[in-house]
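In my numbering, the protein residues as written are -2 to 290.
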């Protein structure tokens, strides 16, 4: 395992950051971490990097104790924080050259990342937009030959073209044996990139999902409005998702022709049917009201 944690718990005073976090991230895996702001995503990553200290629990990265071997571990990983903060008067070129010297990266790799990400090397950090600061952080993370990337909301602030470039970078890194642990609000990004993901809510991991296997389990989201008996709906539904003023929305799993026959008994004013997707699945953990998804 590249990352393993057992009961990792971090508090800010009396406020819970994360509680009893158990993780196992395999070598070569792209592992997602999703949840709303304040759920504990950044806290876990910062705890793993020894930026903040846990109340209790243990963790290993590359098989090493993450606190006793923090300096050695950091030599083999790249990190993008959720909040990008650099000295405002530093030029991009100076920052990348300094980072490259620390990581043993050559000028050719710096030049390739600068070109790929569209960085303006002569600009000072204070002259950059949030998105451009994020690009600098991504370039830093990929410098050298990291074995592990820990990325906290890496594509927030990036335009669609840069998001695609980021995806290509991640997939290429993984194809060369790298491991990625990333948090994101972008569920489609998580579904496309990640093998597994953990869902965090109020500091607790509420589920860990095999995303590729989950795609094969998706059903249909059916919406009905009209003179409808609830018991009849429940006889068809796998799970009732919404009931409001004569409108029912439910999850159906089964053959479409069977669904059509079942719907024939209803007196309908309106009908909608769509394929369930990853967003539907995640929203159930938050009562359907989390706008960040």
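In this text, a Cβ means the ideal position worked out from N, Cα and C, and glycines have one as well.
If you draw a straight line from the Cα of residue 146 to the Cα of residue 6, it is about 22 Å long.
Out of 255, 132, 272 and 87, the CA that lies nearest to the CA of residue 76 is found in 132.
Using a Cβ distance threshold of 8 Å, residue 203 and residue 282 count as a contacting pair. Taking a contact as a CB-CB distance under 8 Å, the pair residue 100 and residue 140 counts as one, their CB atoms being some 5 Å apart. In the structure shown, residue 177 falls within a strand segment according to DSSP collapsed to helix, strand and coil. Between the alpha carbons of residue 244 and residue 80 lies a distance of about 42 Å. Segment contact: the segment 26 to 37 against the segment 187 to 194, three or more CB-CB distances shorter than 8 Å; contact assigned. In the three-state reduction of the DSSP assignment, residue 17 falls in the strand class. Here residue 64 carries a coil assignment [DSSP, helix/strand/coil]. Here residue 136 carries a helix assignment [DSSP, helix/strand/coil].
At least 8 Å separates the beta-carbon of residue 270 from that of residue 184. For residue 88, the CB contacts under 6 Å within the same chain, skipping 5 residues up- and downstream, are 121 in chain order.
In the three-state reduction of the DSSP assignment, residue 215 falls in the coil class.
In the three-state reduction of the DSSP assignment, residue -1 falls in the coil class.
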